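To start, the structure itself, in C-alpha cells.
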Amino acid sequence: MAMIQPLQPYVALLLSGMLAMLFVLSLYIWKNDKDRDHAETIQKRFISMGICCMLAPLPVIGFIHCYDPEPKYLVWLWVSPVGFSHG
C-alpha cells in the first residue's frame, strides 16, 4: 500500500481560490447588455453555473491523483464501499 502524502495548506488554498474565481468569472463570461435581473441574463448565468458545477470536480480529481496514486473515490467521499459501518 502506497503512503499518502498530506496536502500542503497552500495547495489547498490555491485550489479553493481557483474554484471560487472560476464560479465568479462564469457569471460574467457572457456579453450581455441587459439588466442582471432580466430573464435571459438569469438563464445564461444558470447555464454557466451548471457547466462550472460539472467541471469543478476535474481539478479536485487531478489533485487526488497527485497525492494518492491509487485513490478510492468512495472513501474520499466518506462512503464505505461495503455499506454503512456502525461504530
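In the numbering used here, the protein residues as written are 1 to 87.
Note that CB positions come from ideal geometry on N, CA and C, so glycine has one too.
Predicted, not measured: the structure shown is a model, and the values here were computed from it.
Handout entry: Residue of C66, D68 and V60 minimising C-alpha distance to G17
Key = Working through the sequence shown from its first residue, we reach residue 17 at position 17. It is V60.
Handout entry: Where I29 falls: helix, strand or coil (DSSP)
Key = Locating residue 29 in the sequence shown gives position 29, where the first residue counts as 1. The answer is coil: DSSP assigns I29 none of H, G, I, E or B.
Handout entry: Reduced DSSP secondary structure (H/G/I, E/B, other) of A56
Key = Your numbering for residue 56 matches position 56 in the sequence shown. If DSSP states are grouped into helix, strand and coil, A56 belongs with coil.
Handout entry: Assumed close pair R95, L27 - CB separation to whole angstroms, cut-off 8 Å
Key = It is not possible to answer for residue 95, since the shown part of the chain is limited to 1 through 87.
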